Structure formats: C-alpha cells, structure tokens
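Q: Per UniProt numbering: the sequence shown = residues 73 to 209. Where a beta carbon is used, it is the ideal one built from N, C-alpha and C, also for glycine. Computed from a prediction, not measured in an experiment: that's the story for all the values here. Dumping the structure here so I can ask a few things about it.
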Amino acid sequence: FERTFIAIKPDGVNRGLVGEIICRFERKGFKLVGIKILHPTKAQAEEHYADLSTKPFFAGLCNYFSSGAVVAMVWEGKGVVKTGRTLIGATNPAESTPGTIRGDLCIEVGRNIIHGSDSTDSAKAEITLWFKDSEVA
Ligand code: ATP
Ligand code: MG
73 FERTFIAIKP
83 DGVNRGLVGE
93 IICRFERKGF
103 KLVGIKILHP
113 TKAQAEEHYA
123 DLSTKPFFAG
133 LCNYFSSGAV
143 VAMVWEGKGV
153 VKTGRTLIGA
163 TNPAESTPGT
173 IRGDLCIEVG
183 RNIIHGSDST
193 DSAKAEITLW
203 FKDSEVA
C-alpha cells in the first residue's frame, strides 16, 4: 500500500484543528498507521524543507515549523500521496478551493496548518526522517 507523511503544523495544533484534520483523512478512507506529537528542532525543519533552501521564505518557514508542537502522521491507502494533497488544497489558502483543508480553515500562506508529501519518493524520505520503523504499524 502507498503511504504518505502528513504533519499538522504549529498553527494547526494551536488552533485545535487536529481532530478535524484526522477526521477528514479517516472519512475519505485512509488508514492512520503512525502518529506522534513533537516539537521539531530548527535543524529538523531545515532538513524536512531542504528542497526549498534557496527560497527567500526558507528561514521564516523553518522558524515557523519549529515554533511549537507538530502532529506527525503516516497515512496509508490507494493514491494517498496525490489524494492527500487534494484533500489539503493549494499551498496559498487564497487559492485553495473551499472544501479542502486549507480552503476551509486558513488564510495565510505562511500559516497553512498542514504539510503533505508531494511525491511517493518524498513520502518515503519524510517518513524515514520523522519515524522509526517501530513507530509505524
Ligand atoms: P508543504 O510542503 O508545507 O505541504 P506545499 O507543498 O503546498 O506545502 P511548498 O512549495 O512545499 O508548498 O512550500 C512549503 C511551505 O512554504 C508552504 O506550505 C508555505 O507555508 C511556505 N511557502 C510556500 N510559498 C511561499 C511564499 N511564496 N511565501 C511564504 N511562504 C511560502
Ligand atoms: Mg511541499
């Protein structure tokens, strides 16, 4: 089965949106196979978002991602990488379709409450970065 890495970012946790987000993935039919809450270090954030290291917003992004508690999850199911991204919606909440997580629940690109892997390769790398084998069912 395909797996993806999903993280509820500090603003999503602080705003009490963990249950809402888990509910949407469960209702769609995906299976939760890994979950934990942690406070990422700056170094972990920089490794997680390494592909974006040349972007002007990189430092702000890593500061934000390591600013509080994050709920890290592994979800499993047919097409979960791509369909997970569809459930999440466009990066900029100003452009996310209503009905998506970002379209319904946030307004700022720098505070867009959730991360989802963008390919099956990045999903594998991110699951390895955030989870030990023994932490995934
Ligand atoms: P994520 O990787 O967090 O799931 P994404 O894949 O939709 O988001 P990326 O291009 O990977 O988008 O960007 C990572 C994060 O960087 C975005 O979620 C957003 O918070 C931030 N970001 C992206 N573009 C901008 C921008 N133009 N200005 C400020 N922040 C941005
Ligand atoms: Mg991304």
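Alpha carbon to alpha carbon, how far is residue 140 from residue 129? Give it in angstroms, no decimals.
A: Locating residue 129 in the sequence shown gives position 57, where the first residue counts as 1. Locating residue 140 in the sequence shown gives position 68, where the first residue counts as 1. Each residue's Cα considered, the two are about 18 Å apart.
Q: Assuming residue 143 is part of the beta strand (DSSP E), what are its boundary residues?
A: The count along the sequence shown starts at 1 and reaches residue 143 at position 71. 142-148 is the extent of the beta strand (DSSP E) around residue 143.
Q: Are the beta-carbon atoms belonging to residue 146 and residue 199 less than 8 Å from one another?
A: Walking along the sequence shown from the start, residue 146 turns up at place 74. Walking along the sequence shown from the start, residue 199 turns up at place 127. In this structure, residue 199 lies closer than 8 Å to residue 146 by Cβ.
Q: Once DSSP output is grouped into helix, strand and coil, what is the label at residue 103?
A: Position 31 of the sequence shown, counted from the first residue, corresponds to residue 103. Of the three classes helix, strand and coil, the one that applies to residue 103 here is strand, per DSSP.
Q: Counting pairs of beta carbons, one from the region 152-159 and one from the region 118-126, are three or more of them closer than 8 Å?
A: No, because fewer than three Cβ pairs between the region 152-159 and the region 118-126 fall closer than 8 Å, the two stretches do not touch.
Q: Does the Cβ-Cβ distance between residue 173 and residue 161 come in under 8 Å?
A: Here residue 173 corresponds to residue number 101 of the sequence shown, with the count starting at 1. Here residue 161 corresponds to residue number 89 of the sequence shown, with the count starting at 1. Going by C-beta atoms, residue 173 is nearer than 8 Å to residue 161.
Q: Tell me where the alpha helix (DSSP H) around residue 157 begins and ends.
A: For the purposes of this step, residue 157 is taken as residue 85 along the sequence shown, with counting starting at 1. Segment 152-160, the alpha helix (DSSP H) holding residue 157.
Q: Quick one, what's near the ligand ATP if you take every residue whose CB is closer than 6 Å to any heavy atom, in chain order?
A: So the residues near the ligand ATP by this Cβ test are 124, 129, 133, 163, 181, 182, 184, 187, 188, 190.
Q: Our contact map puts residue 187 next to residue 81 with C-beta atoms below 8 Å; I'd like the distance itself, whole angstroms only.
A: Residue mapping note: residue 187 aligns to position 115 of the sequence shown, counting from 1. Residue mapping note: residue 81 aligns to position 9 of the sequence shown, counting from 1. So it is a contact: roughly 6 Å between Cβ atoms.
Q: Just reading off the beta strand (DSSP E) that residue 188 is part of, what are its end residues?
A: By one-based count along the sequence shown, residue 188 stands at place 116. 186-188 is the span of the beta strand (DSSP E), which, as asked, contains residue 188.
Q: For my contact list, residue 165 and residue 142 are in at a C-beta cut-off of 8 Å; report their separation, rounded to the angstrom.
A: Position 93 of the sequence shown, counted from the start, is the residue given in the question as residue 165. Position 70 of the sequence shown, counted from the start, is the residue given in the question as residue 142. In fact, because the Cβ distance is near 18 Å, the residues do not count as touching under 8 Å.
Q: Excluding sequence positions up to five away, which residues of its chain have a Cβ less than 8 Å from the Cβ of residue 234?
A: This structure gives no information on residue 234, because the portion of the chain shown stretches from 73 to 209.
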